[in-house]
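A quick write-up on the structure given underneath.
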Amino acid sequence: MQGTQALLQWCKQNTAGYKDVNVTNFHYSWKNGLAFCALIHSFHPEAIDFNSLSKDNMEKNLELAFSTAEKLGVPRLLDVEDFVLLEKPEQFSIITYLGVMYQMFQLKGGSVAEENKRVEEEKKKEENIKKPVMTAQPYSSTSKPPPRPINRNNQPLSKSSGGTQTTPVIPKKKVTTQEFVIFIV
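Per full-length UniProt numbering, residue 1 is the first one in the sequence shown, and the count goes up by one each step.
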């Protein structure tokens, strides 16, 4: 069975028994919006009160179907105006839209929003695994000073390590109170 025929058969099966719904094609069968509502209702009965709908209220039915499907995560690929302005709705747009519904409702058993949420959670888990763990601690006054540099002989550098590399040693000078006062003034 060809892909579009299989999709049409799936639509027929899932809308069978709904009042004023008779899916036979991808254009006129969908014009009043009831077939879209029936299809959504067959997978998400809590989302649409199908018994309150009328075949004579095309715009309301279409808006309800498209907005409800969007809340369930199906992208809004169709507009009510497409059905109101055109005598015969564009079948390839309807096939595309129904294909997305098939993917979400039949194959994945849920809504696009639920699937997107699951994928995002998996990505976050993967990112957490890939993140390097920071082990360095910030310097604080209670931590030990960094190790002293060493020279080529693996000896700590000091005033008289015998090598040409030395660290400058600044002599400590005690400042008297008198010198301190003079320095400030």
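Backbone N, C-alpha and C fix where the C-beta goes; we use that ideal spot for every residue, glycine too.
Outcome for residue i when other beta-carbon atoms lying within 10 angstroms are tallied against a minimum of 16
i, result
"Ile129", "exposed"
"Gly17", "exposed"
"Leu34", "buried"
"Thr107", "The residue asked about is misnamed: residue 107 is Leu in this sequence, not Thr. Exposed."
"residue 192", "There is simply no residue 192 to check, as the chain begins at 1 and stops at 185 in what is shown."
"Phe92", "exposed"
"Asn51", "exposed"
"Ser111", "Unreliable positioning characterises Ser111 in this predicted model, as indicated by a pLDDT of 46, which lies under 50. The coordinate reading is nonetheless provided below. Ser111 should be labelled buried."
"residue 195", "No statement about residue 195 is possible, as the shown extent of the chain runs from 1 to 185 and does not include it."
Rounded distance between the beta-carbons of residue j and residue i, thought under 8 angstroms
i, j, result
"Leu78", "Phe66", "6 angstroms"
"Gly73", "Met101", "The pair is not a contact, with the Cβ atoms about 10 angstroms apart (cut-off 8 angstroms)."
"Asn32", "Met58", "5 angstroms"
"Ile94", "Thr4", "10 angstroms between Cβ atoms; not a contact."
"Gly99", "Leu7", "6 angstroms"
"Leu64", "Ile48", "7 angstroms"
Extent of the continuous alpha helix (DSSP H) run through residue i
i, result
"His41", "34-43"
"Ser52", "Careful: Ser52 lies outside any alpha helix (DSSP H) and carries neither H nor E."
For residue i, three-class secondary structure by DSSP
i, result
"Gln2", "coil"
"Asp82", "helix"
"Thr68", "helix"
"Val100", "helix"
"Ser161", "Below a pLDDT of 50, predicted positions are generally treated as unreliable, and Ser161, at 49, falls in that range; the measurement from the model is reported next regardless. Ser161: coil per DSSP, three-state reduction."
"Ile48", "coil"
"Thr24", "coil"
"Glu90", "coil"
"Asn57", "coil"
"Leu107", "helix"
"Val112", "Residue placement at Val112 is flagged as unreliable, the pLDDT there being 45, under the threshold of 50; a coordinate-derived value is accordingly withheld."
"Lys125", "helix"
"Lys19", "coil"
"Leu77", "coil"
"Lys31", "coil"
Any non-hydrogen atom of the ligand HEM within 7 angstroms of residue i CB
i, result
"Arg76", "The ligand HEM is not part of the structure shown, which contains no ligands of any sort."
On the three-pair Cβ rule with 8 angstroms, is the stretch 81-101 touching the stretch 21-30? yes
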